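Novice: Numbering (the working numbering), first residue to last: 901 to 1251.
(1) Could you have a look at residue 1239 and say whether DSSP puts it in helix, strand or coil?
(2) For residue 1001, write down the residues that DSSP places opposite it in a beta bridge.
(3) Go ahead and pull the three-state DSSP assignment for residue 1061.
(4) Rank 998, 1178, 1216 and 971 by C-alpha distance to the C-alpha of residue 1066 and give the top, closest one.
(5) Within a Cβ cutoff of 6 Å, which residues of the same chain sit near residue 1199, ignoring the five residues on either side of it in sequence?
(6) According to DSSP, is residue 981 helix, strand or coil?
(7) So what's residue 1164 in DSSP terms, helix, strand or just coil?
(8) So, helix, strand or coil for residue 1078, using DSSP?
(9) At what residues does the beta strand (DSSP E) containing residue 1071 begin and finish?
(10) For the beta strand (DSSP E) containing residue 1037, list its first residue and its last residue.
(11) Compare the C-alpha of residue 967 against each of 1204, 1131, 1178 and 988 and name the closest.
(12) With a Cβ-Cβ cutoff of 9 Å, do residue 987 and residue 1017 count as a contact?
(13) Report, in whole angstroms, the separation of the C-beta atoms of residue 867 and residue 1044, which I expect to be a contact under 8 Å.
(14) Could you give the DSSP three-state label for residue 1155: helix, strand or coil?
(15) Would you report the Cα separation of residue 1061 and residue 992, rounded to the nearest angstrom?
(16) Could you tell me the boundaries of the beta strand (DSSP E) in which residue 1112 lies?
(17) If you draw a straight line from the alpha carbon of residue 1195 to that of residue 984, how long is it in whole angstroms?
(18) What is the residue span of the beta strand (DSSP E) that residue 1121 lies within?
Right under this line is the structure:
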């Protein structure tokens, strides 16, 4: 039949073959539009469909406004007997835990803790010259392992006491995900998840550690350096350094005429600290992380880089309790004086 030798035609006169080709092109075009749209959604900061990105990003998620988190540095000297290898000061550690319990559970203050090593880790780090890199000692790798094992003993004990006091503490070790390059933080790995842990109700507990270094093989990453990086991620309203002395003095506090510096200003543009010209600081013979000079440098960087005021005070001081709680009338700009040192941004027009 003549009609069987030709394709059927639509009323408009177009063949089915032509129509099918048109539909195929349209379908392909629609799929392309959908794919492009999905790519835009996945790559957008908001990611409104909740699609998880698997590609690792070098950029860290930072808060754009100040959070209600208090960043706390528990100095090794406040937790251990620094002159006796691997010896916890049990009374001081219990006092620190009770203080944190009071503020976290009863007052509802969110916290991120960083603790120093004290008499844990420093002796091994000095013996094996870990701050000088992996070529400084023939058994450098063994030394790094011994140092890490020592510091983790202290961390485990602190976390155990915090948890026993019903504080949901979780340990975070820098090694191996956090690395440095010539001693400068390079890849911060797990630190990027701190905000998520805090938002879920945990209290992260980070410690100084041995870390891999792309230039030196390995080095020591101090808790004070970690504080600087965490401030950029967390944007805390205040950072509290708890130690075994009442604050920063113009000279070693064991000297009879040492004077407490209650306020230290940081110049916004230069980062210069308003220290007396005759300022002197001491350092324990086995402290490989720089002692008070490193703390001052870290505090300056926190103030200048994040605008976060820093308080340095004694574990047993009432001033430290008030600084932790953010008590009215007790802040970096208040006129009331007590023990401890506030390090803050220099006021506009200040001398």
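Glycine included, each C-beta is placed from N, C-alpha and C at the ideal position.
Source: prediction; values computed, not measured.
Specialist: So, to answer that:
(1) Reduced to three states, the DSSP call for residue 1239 is coil.
(2) Partner(s): none; residue 1001 has no beta bridge.
(3) Helix at residue 1061.
(4) Out of 998, 1178, 1216 and 971, 998 has the C-alpha closest to the C-alpha of residue 1066.
(5) Within the same chain, and ignoring the five residues on either side of residue 1199 in sequence, the residues whose Cβ sits closer than 6 Å to its Cβ are 1210 and 1243.
(6) DSSP places residue 981 in coil when its eight states are reduced to three.
(7) Assignment of residue 1164 by DSSP, reduced to helix, strand and coil, places it in the strand class.
(8) Annotated three-state conformation of residue 1078 is coil, per DSSP.
(9) Counting along the chain, the beta strand (DSSP E) containing residue 1071 begins and ends at 1069 to 1072.
(10) Premise fails: residue 1037 is in no beta strand (DSSP E) and is neither H nor E.
(11) Distances from the alpha-carbon of residue 967 to those of 1204, 1131, 1178 and 988 put 1131 closest.
(12) Contact flag unset, no.
(13) Nothing can be reported for residue 867, as the shown portion of the chain is limited to 901 through 1251.
(14) For residue 1155, the three-state secondary structure derived from DSSP is coil.
(15) Near 12 Å, if we compare the C-alpha coordinates of residue 992 and residue 1061.
(16) Start and end: 1109 to 1113.
(17) Computed Cα separation, rounded: 22 Å.
(18) Where residue 1121 is concerned, the enclosing beta strand (DSSP E) stretches over 1117 to 1121.
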